[in-house]
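Novice: Residues in the sequence shown are numbered from 188 upward in steps of one, following this note's numbering. Take a look at this one; I'll ask things after.
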Amino acid sequence: MTRVLVVGSINMDLVTSARRLPQLGETLLGEGFATYPGGKGANQAVAAARLGAQVALLGCVGNDAFGRQLLAHLEAEGVDIRRVATVDGSTGIAAITVSGGDNAIVVVPGANHQLTPSHLDAAEQAFAEADVVLTQLEIPLETVRHAALLAQRHGKPLLLNPAPAVALPEALLQSVALLTPNEHEFLTLLAQPDADWRAQLAERPGKLVMTHGKHGAYFALKRGELRHQPGFEVQAVDSTGAGDTFNGALATFLPLGLEEAVRRANAAGALSVTRHGAQGGMPTLAELEAFLGSKA
Ligand code: RIB
Numbered sequence: 188m189t190r191v192l193v194v195g196s197i198n199m200d201l202v203t204s205a206r207r208l209p210q211l212g213e214t215l216l217g218e219g220f221a222t223y224p225g226g227k228g229a230n231q232a233v234a235a236a237r238l239g240a241q242v243a244l245l246g247c248v249g250n251d252a253f254g255r256q257l258l259a260h261l262e263a264e265g266v267d268i269r270r271v272a273t274v275d276g277s278t279g280i281a282a283i284t285v286s287g288g289d290n291a292i293v294v295v296p297g298a299n300h301q302l303t304p305s306h307l308d309a310a311e312q313a314f315a316e317a318d319v320v321l322t323q324l325e326i327p328l329e330t331v332r333h334a335a336l337l338a339q340r341h342g343k344p345l346l347l348n349p350a351p352a353v354a355l356p357e358a359l360l361q362s363v364a365l366l367t368p369n370e371h372e373f374l375t376l377l378a379q380p381d382a383d384w385r386a387q388l389a390e391r392p393g394k395l396v397m398t399h400g401k402h403g404a405y406f407a408l409k410r411g412e413l414r415h416q417p418g419f420e421v422q423a424v425d426s427t428g429a430g431d432t433f434n435g436a437l438a439t440f441l442p443l444g445l446e447e448a449v450r451r452a453n454a455a456g457a458l459s460v461t462r463h464g465a466q467g468g469m470p471t472l473a474e475l476e477a478f479l480g481s482k483a
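Listed below in structure tokens is the structure:
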């Protein structure tokens, strides 16, 4: 059982659905509204836990009703929440509009921005106990850098999902064992204008996986060969959380080797879009195995 430590955000997703996404300055009548547990850190933690990993989450919620609901939910999903701090202020939220499988998201970080390096220091033992450390960019960058430092100190691979994308210091990029941008984040982070993205993947063999929505994922093996893991065909209803499912699964299956981990993560990501809510379609291990079996 892979032991995954997730250092990341916890949000309540406030989701409206509409026939189409509104244009700038436009008011649109929506078709539905629901709240769902979300946040990239929490989503990735739940994805890994459903797939059988032993998961601990390091994060912050606010001292409010959303915070209490989210903690209860994470605990019910089997995530170890002993290192999630409840701080003064509001829990993070994401205002999401979903339309025809696509989405637009505005995140208000709230308590997530109170996750400091000192929280990580207080929980350093969790780094020692993990097989892999997984983080994203919805928490302060200095906290992400500190997570990288602690992962390095304990000799644990750091998987960084650079979402939402910002330019990252080269020292941080160098300390990451595996970077997992989607095609947009890849451009923000790495690609030089007019650069051949295949060459850029090949420059970081075994250290970079670029996801590309329903097209699947691209990566270079340690010996430099480029690989494309094609996407799986599914009926998409809500793509929110697909990347998080991919990342949680990738961390869980990393001990099986990069190629197999990407194949399984791709399948888990595909299944995740077949139900509403960021975590709604995340498969259990049995569901993932049945899906892969049906495609064999
Ligand atoms: O990746 C999807 C997540 O991004 C949502 O759950 C939302 O909370 C935002 O953090």
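All C-beta atoms in this analysis are idealised placements derived from N, C-alpha and C, irrespective of residue type, glycine included. Small disclaimer: the values here were computed from a predicted structure and weren't measured.
In this structure, how does DSSP classify Ser286 when only helix, strand and coil are distinguished?
Specialist: Working through the sequence shown from its first residue, we reach residue 286 at position 99. Correct three-state label for Ser286: strand.
Novice: Could you say which of Arg451, Asn290, Phe419 lies nearest to Asn434 if we only look at CA atoms?
Specialist: Here the question's residue 434 lines up with position 247 in the sequence shown. Nearest of Arg451, Asn290, Phe419 to Asn434, Cα basis: Arg451.
Novice: Going by Cα to Cα distance, which pick from Arg206, Ala259, Leu441, Met397 is closest to Gly287?
Specialist: Your numbering for residue 287 matches position 100 in the sequence shown. Here the closest residue by C-alpha is Arg206.
Novice: In whole angstroms, give me the CA-to-CA distance for Gly181 and Ala317.
Specialist: Past the edges of the chain, shown from 188 to 483, lies residue 181, and the structure says nothing about it.
Novice: Restricting to runs no shorter than 4 residues, where is the alpha helix (DSSP H) found entirely within the stretch 421-457?
Specialist: 429-440
Novice: Apart from the five residues just before and just after Leu345, which ones in its own chain have a Cβ nearer than 6 Å to its Cβ?
Specialist: In the sequence shown, the residue the question calls residue 345 occupies position 158. Here the set comprises Val320, Ala335, Ala338, Val363, Ala364.
Novice: Would DSSP call Arg462 helix, strand or coil?
Specialist: Translated into the one-based positions of the sequence shown, residue 462 becomes position 275. Arg462: coil per DSSP, three-state reduction.
Novice: Sort Ala259, Gly212, Gly239, His300 by Cα distance to Gly195 and report the nearest one.
Specialist: As a position in the sequence shown, residue 195 is number 8, starting the count at 1. That would be His300, whose Cα lies nearest to the Cα of Gly195.
Novice: What residues are listed by DSSP as bridge partners for Gly496?
Specialist: Since the first residue shown for the chain is 188 and the last is 483, residue 496 is missing from the structure and cannot be characterised.
Novice: Taking 7 Å as the cut-off, is the C-beta of Ser196 nearer than that to any heavy atom in the ligand RIB?
Specialist: Within the sequence shown, numbered from 1, the residue matching residue 196 stands at position 9. Yes - the ligand RIB has a heavy atom lying nearer than 7 Å to the Cβ of Ser196.
Novice: Would you check if the stretch 250-262 and the stretch 274-287 touch, i.e. whether three or more CB-CB distances between them fall below 8 Å?
Specialist: yes
Novice: Let me make sure I understand the geometry here. Which of Glu446, Ala309, Gly430 has the alpha-carbon closest to that of Ala465?
Specialist: Mapped onto the sequence shown, residue 465 falls at position 278. Of the listed residues, the one whose Cα sits closest to Ala465 is Gly430.
Novice: Using only alpha-carbon positions, find the residue among His333, Glu262, Ala438 that is nearest to Ala309.
Specialist: For the purposes of this step, residue 309 is identified with residue 122 of the sequence shown, where counting begins at 1. Closest by alpha carbon: His333.
Novice: Within 10 Å of its beta-carbon, does Met199 have 16 or more other beta-carbons around it, so buried, or fewer, so exposed?
Specialist: Position 12 of the sequence shown, counting from 1, holds the residue named residue 199. Residue burial annotation: Met199 is buried, with at least 16 other C-beta atoms found within 10 angstroms of its C-beta.
Novice: Assuming contact is defined by CB atoms lying nearer than 8 Å, are Thr439 and Val191 in contact in what I supplied?
Specialist: In the sequence shown, residue 439 corresponds to position 252, counting from 1. In the sequence shown, residue 191 corresponds to position 4, counting from 1. Contact: yes.
Novice: Scan the stretch 264-335 and note each continuous alpha helix (DSSP H) run of 4 residues or more that stays entirely inside, going in chain order.
Specialist: 304-309, 311-316
Novice: For the 8 Å Cβ check, are there 3 or more pairs between the stretch 339-358 and the stretch 367-375?
Specialist: yes
Novice: Let's test the definition: count the other Cβ atoms within 10 Å of the Cβ of Leu211 and tell me whether it reaches 16, buried, or not, exposed.
Specialist: The count along the sequence shown starts at 1 and reaches residue 211 at position 24. Answer is exposed; the Cβ neighbour count stays below 16.
Novice: List the DSSP bridge partners of Asn369.
Specialist: By one-based count along the sequence shown, residue 369 stands at place 182. Thr398, per the DSSP bridge assignment.
Novice: Does the Cβ of Ala465 lie closer than 7 Å to at least one heavy atom of the ligand RIB?
Specialist: Position 278 of the sequence shown, counting from 1, holds the residue named residue 465. At least one heavy atom of the ligand RIB is nearer than 7 Å to the Cβ of Ala465, so yes.
Novice: Taking the alpha-carbon of Arg340 as reference, which of Ala234, Leu328, Leu359, Ala315 has the nearest alpha-carbon?
Specialist: Counting from 1 along the sequence shown, the entry for residue 340 is found at position 153. The shortest Cα separation from Arg340 among Ala234, Leu328, Leu359, Ala315 belongs to Ala315.
Novice: For the ligand RIB, any of its heavy atoms closer than 7 Å to the Cβ of Gly246?
Specialist: Within the sequence shown, the letter at position 59 stands for residue 246. Flag unset: Cβ of Gly246 not near the ligand RIB.
Novice: By alpha-carbon positions, which one of Ile292, Ala407, Ala483, Ala455 ends up nearest to Glu474?
Specialist: For this step, residue 474 is matched to residue 287 along the sequence shown. The candidate whose alpha carbon is nearest that of Glu474 is Ala455.
Novice: Counting pairs of Cβ atoms below 8 Å between the stretch 230-237 and the stretch 259-268, do you hit three or more?
Specialist: yes
Novice: Taking only three categories from DSSP, how would you classify His260?
Specialist: For the purposes of this step, residue 260 is taken as the residue at position 73 of the sequence shown. DSSP places His260 in helix when its eight states are reduced to three.
Novice: What do you reckon, is the C-beta of Glu264 under 7 Å from a heavy atom of the ligand RIB?
Specialist: The residue you call residue 264 lines up with position 77 of the sequence shown. Checking the Cβ of Glu264 against the ligand RIB gives no.
Novice: Note down, in chain order, each residue of its chain lying with its Cβ closer than 8 Å to the Cβ of Arg269, except the 5 sequence neighbours on either side.
Specialist: Taking the first residue of the sequence shown as 1, we reach residue 269 at position 82. Excluding sequence neighbours, Arg269 sits near Ala243.
Novice: Report the CB separation of Glu325 from Pro296 in whole angstroms; it is logged as a contact under 8 Å.
Specialist: Along the sequence shown, read from residue 1 onward, the residue named residue 325 stands at position 138. Along the sequence shown, read from residue 1 onward, the residue named residue 296 stands at position 109. About 6 Å separates the two Cβ atoms, so the contact holds.
Novice: DSSP three-state label for Arg207, please.
Specialist: Indexing the sequence shown from 1 puts residue 207 at position 20. Residue state, collapsed to three classes: coil.
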